[in-house]
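The block underneath contains the structure these notes are about, expressed in structure tokens.
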Amino acid sequence: MLRRVAVVDRRPSSCQNELMHLTAAQARRIALASQGIGANRDRTVGVHSVQKVISTVGQFQIDSVNVLARAHLMPLYTRLGAYDTALLDRLSGSAAPVILPTAGSQSARRLFEYWGHAASLIDVSLYPFFQFRREDAYNQAWGRMRSLVDSNPSVIEEIAEAVDRLGPVTARDLDFKEERRKDNWGWNWSVAKTALEWLFWCGRVAVAGRNSQFERVYDLPSRVIPKEYIDACQAWISASPAEKEALAHDNHVELVRRAARALGVGTARCLGDYFRTSASATKAAIETLVSSGELVEADVDGIKDPVWVWHEASCPRKIRTSAIVSPFDSLVFERKRLSAFFGTDYSISLYTPSHKRVHGYYVYLFLLDDAFAARTDLKADRAAGRLLVRSAFLEPSAGGIRTRVASELATELRRLADWLGLTDIVVEDLGDLAPDLRSALK
900 MLRRVAVVDR RPSSCQNELM HLTAAQARRI ALASQGIGAN RDRTVGVHSV QKVISTVGQF
960 QIDSVNVLAR AHLMPLYTRL GAYDTALLDR LSGSAAPVIL PTAGSQSARR LFEYWGHAAS
1020 LIDVSLYPFF QFRREDAYNQ AWGRMRSLVD SNPSVIEEIA EAVDRLGPVT ARDLDFKEER
1080 RKDNWGWNWS VAKTALEWLF WCGRVAVAGR NSQFERVYDL PSRVIPKEYI DACQAWISAS
1140 PAEKEALAHD NHVELVRRAA RALGVGTARC LGDYFRTSAS ATKAAIETLV SSGELVEADV
1200 DGIKDPVWVW HEASCPRKIR TSAIVSPFDS LVFERKRLSA FFGTDYSISL YTPSHKRVHG
1260 YYVYLFLLDD AFAARTDLKA DRAAGRLLVR SAFLEPSAGG IRTRVASELA TELRRLADWL
1320 GLTDIVVEDL GDLAPDLRSA LK
């Protein structure tokens, strides 16, 4: 078991005006421990283990690309190792039938889908604290939704009534079969889909889960979200404008609080980026959390901007782990933080033109202890039962431990292939680590 050293400001009152000082290595270990990384990954994983990660990181980002595994499935694998993904389906409502149990039941919904860092599965206890975003939907939603609200509000009401009457439903269930443009390279949404997304953003409908085609399934919030969290939003209904401003501040404080706890250490930019809160609201929330003693300012080697440390963050003396980290993992949300704290410049390359890609198409980082030691482009060839390693690159900082990196990465890739039900691992030639990795796998 890791020995942990709590980062708690215990200096005499006469020294309270001095900044806490952290080395870059300490900041990295705080960041990893706060994200729940470094624990035993070979144990049996049950609901309690999954809930602990949910409570720790607060959200799992969703992405539609399924090259290796769905993005929201990977953070649990990174922290816990192999697990039954049906656990996450049940806790997020994607497993049918969706049943809202009595309070205290172990099968209660623990996650809801909404706009967190991006589209995300979010800890359901945070549902009330996104009310400010639902209230401000018109100013935050995309132009296509606002245009429909302005030009055809009756169709929105028609769709809302259909969800009430027929839900749970997908957009295809409610499509008006209108003629859609075929020259649009982007999201060619139907009117029904646009209306549903607006209703979702402003909180009039919720996502009950995803179907086998990974489409959102919509229903009324009262049939999706546990009642206690619906009730907690009711204060907004009768609030005056001044009271709503105070409630919005409280919402932001809670989201920045959860971000600080999940990150352990970070700048104001990092804290705001986690749940995508505005710079001004994040600054005000930080001031509140500093006043309450929940955030402590620190000086971190190599970081110019002010850095804030969660008051209960722990700093293990060592981190021992080897794990694949998804490009949508909350550990690497803020790429400038990743560069400043870990010395890793990272781009997924998914949205980079093919001729400009260096490391591949869908690139994962390989974490070895408290540093990123390699990066690899991975693909699950499900039809052939193969894990394709399209590239494998050693990070410059890991040049002195090349053999160990290749060995540890080979072990992790075997574990990953087993979890995904793939029997073979094929290493292609791209990358300076590829020959070593191929040898290690033999």
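Going by my numbering, the first residue of the sequence shown is number 900, and it counts up by one from there.
Beta carbons: idealized from backbone N, C-alpha and C, even for Gly.
Among residues of its own chain, excluding the 5 on either side of residue i, which ones have a beta-carbon nearer than 6 Å to its beta-carbon?
| i | result |
| --- | --- |
| E1327 | R1289 |
| W1100 | A1036, A1040 |
| R1157 | G957 |
| L990 | R1009, L1010 |
| A1297 | A1272, V1304 |
| V1325 | R1285, L1287 |
| L921 | A1197, V1199 |
Leaving aside the five residues before and after residue i along the sequence, list all residues of the same chain whose C-beta is less than 8 Å from its C-beta, in chain order.
| i | result |
| --- | --- |
| T1181 | H1151, V1155, A1167, L1170, G1171 |
| T1069 | N1110, E1114, R1115, V1116, Y1117 |
| E1056 | none |
| S1053 | none |
| A924 | D1269 |
| P1131 | For clarity, residue 1131 is Ala in the given sequence; the question names Pro instead. Once the five neighbours on either side are set aside, the close Cβ partners of A1131 are Y1026, P1027. |
In terms of residues, what are the limits of the beta strand (DSSP E) holding residue i?
| i | result |
| --- | --- |
| E1034 | Not the beta strand (DSSP E): E1034 falls in the alpha helix (DSSP H), residues 1030-1034. |
| F1227 | Taken as a continuous stretch (DSSP letters only), F1227 belongs to no beta strand (DSSP E), as it is neither H nor E. |
| P1215 | 1213-1215 |
| E1012 | 1010-1014 |
To which residues of the same chain is residue i closer than 7 Å at the C-beta, ignoring the five residues directly before and after it?
| i | result |
| --- | --- |
| R1103 | A1059 |
| A1134 | L1146 |
| I1021 | G957, Q958, L1010, F1011, Y1013, G1015 |
| E1307 | S1221, L1267 |
| D1228 | M973, P974, T977 |
| A1094 | L1047, V1054, I1055, I1058 |
| I1247 | P1226, Y1261, V1262 |
| T1187 | V1152 |
Following the continuous alpha helix (DSSP H) through residue i, name the residue where it begins and the one where it ends.
| i | result |
| --- | --- |
| W1097 | 1090-1100 |
| T1275 | Element bounds for T1275: not the alpha helix (DSSP H) but the beta strand (DSSP E), 1270-1280. |
| Y1117 | It is not in any alpha helix (DSSP H) - Y1117 instead sits in the beta strand (DSSP E) that spans 1115-1118. |
| A1018 | A1018 -> not in any alpha helix (DSSP H); beta strand (DSSP E) instead, spanning 1018-1022. |
| V1152 | 1140-1162 |
| V944 | Premise fails: V944 is in no alpha helix (DSSP H) and is neither H nor E. |
| G1108 | Per DSSP, G1108 belongs to no alpha helix (DSSP H); it is in the beta strand (DSSP E), 1105-1109. |
| E1127 | 1126-1130 |
| F1240 | 1234-1241 |
| E1294 | Neither: E1294 is in no alpha helix (DSSP H) and is coded neither H nor E. |
| Y1026 | From DSSP, Y1026 is part of no alpha helix (DSSP H); its letter is neither H nor E. |
| S1319 | Contrary to the premise, residue 1319 reads as Leu rather than Ser in this sequence. Segment 1301-1319, the alpha helix (DSSP H) holding L1319. |
| D988 | 984-991 |
| L972 | No alpha helix (DSSP H) holds L972; DSSP gives it neither H nor E. |
Check this for me: beta carbons of residue i and residue j, under 8 Å apart or not?
| i | j | result |
| --- | --- | --- |
| D1118 | V1062 | yes |
| V956 | P974 | yes |
| A1107 | G1192 | no |
| G980 | R940 | yes |
| A930 | F1265 | no |
| A970 | S1225 | yes |
| F1028 | E1153 | yes |
| S1046 | I961 | no |
| A1291 | A1333 | yes |
| G1165 | V1206 | yes |
| H1258 | D1276 | yes |
| L1319 | A968 | yes |
| G937 | I1218 | yes |
| A1138 | P1120 | no |
| T1302 | D1335 | yes |
| L1237 | Y1250 | no |
| H1148 | A1178 | no |
| L1073 | A1091 | yes |
| R1274 | E1294 | yes |
Which partner residues of residue i appear in the DSSP bridge assignment?
| i | result |
| --- | --- |
| V1326 | V1288 |
| S1221 | L1267 |
| V1208 | V1164, V1195 |
| M919 | A1197 |
| V1068 | Y1117 |
| Q958 | I1021 |
| M1262 | Sequence check: residue 1262 is Val here, not Met. Per DSSP, D1276. |
Pull up the CB-CB distance for residue i and residue j, whole angstroms please, since I reckon it's below 8 Å.
| i | j | result |
| --- | --- | --- |
| Q934 | L1321 | About 27 Å separates the two Cβ atoms, so there is no contact after all. |
| W1339 | A1309 | In the sequence as presented, Trp is not what sits at residue 1339; that position holds Ala. The pair is a contact, with the Cβ atoms about 4 Å apart (cut-off 8 Å). |
| V1048 | W1097 | 6 Å |
| M1349 | A1222 | There is simply no residue 1349 to check, as the chain begins at 900 and stops at 1341 in what is shown. |
| V964 | Y1261 | 7 Å |
| L1312 | L1286 | 6 Å |
| R928 | P1215 | 5 Å |
| A1007 | P1140 | About 35 Å; that fails the 8 Å criterion. |
| L987 | V949 | 7 Å |
| Y1128 | Y1026 | 4 Å |
So, does the CB of residue i fall closer than 8 Å to a CB anywhere in chain B?
| i | result |
| --- | --- |
| V1224 | This model lacks chain B altogether, as it is built from one protein chain only. |
Does the beta-carbon of residue i, which I'm using as the reference point, lie nearer than 7 Å to any heavy atom of the ligand MN?
| i | result |
| --- | --- |
| G957 | Although the ligand MN was asked about, the structure shown includes no ligands whatsoever. |
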